[in-house]
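Notes follow once the structure below has been shown.
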Amino acid sequence: VGVLRFAIFVPFGVYVNFAKSHWNTIKIHDLLQGAPYSPLIAKGERLAATWGEFGFYWNFAVWIPAIIIPAPFSLVFGIVDLAVAVMIGILTNLQTGYAPHSRDKCAGSGPHYWQLTPGTNESFFEASARLNATKTSAGRMCKSYVEEWKYGVTLSFFYTLIAATNIIISVILCVIAARESRRRQRSFREWLLEAIISFPRFIAVVLYLLWCIPVAIFRCLPIGIKSRTRYTRRIAVKTGQRLSTPHEIKLRKLRPNHPVMRYQGGDGGEPTGLADFLGVYDILMLVAENLHYTDIVNLSLVSKSIREAVLPVADYDRRLNHFKMYTCQARSRKQCWVCTNQICKKCKHFRALKQTTSYFHLDTCQPYCSSCYFTHIQLPPQPRVDPRVCRCAPPSPTPSFLQRLFHDKQYFINAQHTKHVTRMVCRECNRYLDSELLENREKRTRAELRNPGREGKCVKCEKWIKGVKWWVCGNCKKECVARCHAPWGKKGKSGGQETQETV
1 VGVLRFAIFV
11 PFGVYVNFAK
21 SHWNTIKIHD
31 LLQGAPYSPL
41 IAKGERLAAT
51 WGEFGFYWNF
61 AVWIPAIIIP
71 APFSLVFGIV
81 DLAVAVMIGI
91 LTNLQTGYAP
101 HSRDKCAGSG
111 PHYWQLTPGT
121 NESFFEASAR
131 LNATKTSAGR
141 MCKSYVEEWK
151 YGVTLSFFYT
161 LIAATNIIIS
171 VILCVIAARE
181 SRRRQRSFRE
191 WLLEAIISFP
201 RFIAVVLYLL
211 WCIPVAIFRC
221 LPIGIKSRTR
231 YTRRIAVKTG
241 QRLSTPHEIK
251 LRKLRPNHPV
261 MRYQGGDGGE
271 PTGLADFLGV
281 YDILMLVAEN
291 LHYTDIVNLS
301 LVSKSIREAV
311 LPVADYDRRL
321 NHFKMYTCQA
331 RSRKQCWVCT
341 NQICKKCKHF
351 RALKQTTSYF
361 HLDTCQPYCS
371 SCYFTHIQLP
381 PQPRVDPRVC
391 RCAPPSPTPS
401 FLQRLFHDKQ
411 YFINAQHTKH
421 VTRMVCRECN
431 RYLDSELLEN
441 REKRTRAELR
451 NPGREGKCVK
461 CEKWIKGVKW
471 WVCGNCKKEC
481 VARCHAPWGK
491 KGKSGGQETQ
501 ETV
């Protein structure tokens with residue numbers, strides 16, 4: 001059907017040109033619209049110009065949508081095509097009464113005697129040629145009517161074939177879909193809803209094709225032009241993503257949905273012997289040397305009196321730092337992958353967790369300054385069709401709006417090939433399920449990714465990045481364009497530490 005529609009573009013345009021030319025001549029001259037000539041000529045040419053123009057633009061507009069849009073919606077195109085085909089057929093039959101069927105009848109005196117009205121000495125073709133500014137002879141005017149009639153016959157046949165094929169295919173697809181719905185025990189309403197949801201697909205396909213044309217041309221350009229154009233475009237994108245100022249981040253207080261208040265102290269109750277024993281700082285540190293970090297934290301939760309002895313409110317932060325210095329094995333101290341607890345070789349627990357998209361960026365992407373990025377990433381020789389964009393990150397199980405036009409959410413979940421990575425967690429986090437650990441880590445990871453002070457040095461020149469920060473995948477050495485990264489660096493060498501405390 002699409003091939004037939006494309007094939008009749010030119011014949012349809014020629015038919016419309018003939019019909020509009022004839023009607024323009026008739027409508028401005030009253031002599032040609034009625035007696036002594038047949039009024040059917042004016043009526044036929046007026047309808048031929050109107051319906052011919054509508055059919056031409058309709059055929060051009062629905063050429064691609066009629067191929068993409070599924071049944072039963074494609075049945076609408078078949079019905080309109082049938083209406084256009086019927087009208088062109090009726091008009092062609094009407095033209096049979098006043099237009100010759102062969103160019104031979106337009107030679108010599110044929111145009112003069114063709115349906116010459118009694119009592120007149122000028123035929124319709126002679127009057128039209130006299131009043132027309134382009135076809136000044138009756139023979140040329142007669143031949144133009146012959147051509148219009150021939151094109152009308154051709155269009156009637158092919159457009160009827162298009163309409164019939166479109167309707168038959170749509171009906172067959174509807175029947176197949178109905179049988180498939182019954183086999184899957186799916187109602188007609190559900191099937192119709194899925195068809196409605198898939199309706200916008202053709203819009204996405206058309207836009208994608210229009211987008212691919214300039215992209216294909218651009219990728220065939222020399223590397224010098226492509227690299228500078230991409231560099232300028234990415235600068236503009238990062239400028240739009242830039243946060244207002246680092247100072248606003250420091251003044252901004254993040255409030256969780258369910259805030260957990262820190263222990264404020266108070267009446268510790270009746271002091272116990274253990275509380276008095278641990279209340280001596282030197283003894284507490286000697287005890288901490290034989291414990292793990294989670295042990296000393298859990299010890300502070302035994303009672304209020306012990307809490308005041310181990311972690312007093314007035315010395316809370318300093319005590320935690322000292323506990324991290326004295327607890328666990330010195331050579332194997334690390335931070336829990338999920339929380340801020342300290343772990344070591346003897347108290348850590350291994351969990352095989354999925355490599356999430358956010359943590360992949362945090363773990364793999366490396367910062368580059370503008371000079372190193374342009375020199376090492378954009379300028380080196382590369383394949384012409386290579387966009388120099390990283391595709392290594394695991395896909396998100398939640399599809400975007402455009403992706404949802406072509407596949408449902410279950411498709412993306414089943415298509416996940418995310419590998420499992422062994423993570424080290426503390427004793428407290430080891431109690432949670434994998435999904436809970438990933439959810440807790442995801443919140444922290446997003447905050448770290450947007451931190452402008454994270455990894456402030458360029459991996460190539462090891463200079464502090466104070467302007468645009470380019471993120472390059474450590475695996476494929478291509479630019480990562482994910483919006484989760486901080487687009488700009490933070491001024492000052494100590495910016496990373498300051499921001500860590502404010503996040």
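Numbers 1 to 503, taken from the UniProt record's numbering, label the letters of the sequence shown in order.
The beta carbon of each residue, even a glycine, is placed where N, CA and C say it ideally should be.
Taking each of Tyr293, Gly108, Tyr316, Cys480 in turn and checking the Cα distance to Ile377, the smallest one comes out for Cys480. Using a Cβ distance threshold of 9 angstroms, Leu353 and Thr422 count as a contacting pair. By the neighbour-count criterion, in which 16 or more other beta carbons inside 10 Å mark a residue as buried, Arg441 falls on the buried side. According to the DSSP secondary-structure assignment, Glu479 is paired through a beta bridge with Val389, Val472. Excluding residues up to 5 positions away in sequence, Trp51 lie with their Cβ nearer than 7 angstroms to the Cβ of Met87 in the same chain.
Relative to the Cα of Val3, the nearest Cα in the group Ile41, Ala48, Ile67, Val16 belongs to Ile67. A direct Cα-Cα distance of roughly 10 angstroms separates Val215 from Leu221. Looking at the DSSP output, Ala127 sits in no beta bridge, so it has no partner there. Here Trp471 has His361, Cys365, Gln366, Pro367, Tyr368, Glu479, Cys480, Ala482, His485 as same chain residues with Cβ atoms under 8 angstroms from its own Cβ, once five neighbours each way along the sequence are excluded. Going by DSSP, Thr422 is part of the beta strand (DSSP E) stretching over 420-425. Every unbroken stretch of the alpha helix (DSSP H) spanning 4 or more residues and falling wholly within the stretch 271-320 is given here in chain order: 273-278, 281-288, 293-299, 304-310. If you draw a straight line from the Cα of Lys304 to the Cα of Glu455, it is about 41 angstroms long. For Ile8 and Leu75, the gap between their C-alpha atoms comes out near 20 angstroms. The way I'd put it, the stretch 146-166 does touch the stretch 6-22; three or more beta-carbon pairs between them come closer than 8 angstroms. Your pair Phe56 and Phe12 checks out as a contact, with CB atoms roughly 5 angstroms apart and the cut at 8 angstroms. Cβ contact annotation for Met285 (same chain, cutoff 6 angstroms, sequence separation greater than five): Tyr326, in chain order. Within 10 angstroms of the beta-carbon of Ala61 lie fewer than 16 other beta-carbons, which makes it exposed. Per DSSP, the unbroken beta strand (DSSP E) holding Pro367 starts and ends at 365-368.
Distance from the CA of His292 to the CA of Cys344, rounded to the nearest whole angstrom, comes to 8 angstroms. Distance from the CA of Arg46 to the CA of Val14, rounded to the nearest whole angstrom, comes to 16 angstroms. Between the alpha carbons of Ala309 and Glu289 lies a gap of roughly 17 angstroms. Linking Leu320 to Ala447 through their CA atoms gives a straight-line distance of about 23 angstroms. According to DSSP, residue pairing for Phe350 in a beta bridge involves Met424. For Ile343, the pairing in a beta bridge is given by DSSP as Lys334.
Per DSSP, the continuous alpha helix (DSSP H) segment holding Trp58 begins and ends at 39-61.
For Ile296 against Phe277, the beta-carbon gap comes to about 14 angstroms, at or over 8 angstroms, which does not count as contact. Annotation: the continuous alpha helix (DSSP H) that includes Ala178 extends over 138-183. Annotated three-state conformation of Lys460 is coil, per DSSP. Exposure of Arg179 is indicated by the presence of fewer than 16 other C-beta atoms within 10 angstroms of its C-beta.
If you draw a 10 Å sphere on the C-beta of Gln95, you find 16 or more other C-beta atoms in it, and that means buried. Assigned with DSSP and collapsed to three states, Trp23 falls in helix. Just so you know, the alpha carbons of Asn298 and Ile235 end up roughly 49 angstroms apart. One Cα belongs to Leu210, the other to Ile217, and the distance between them is close to 12 angstroms.
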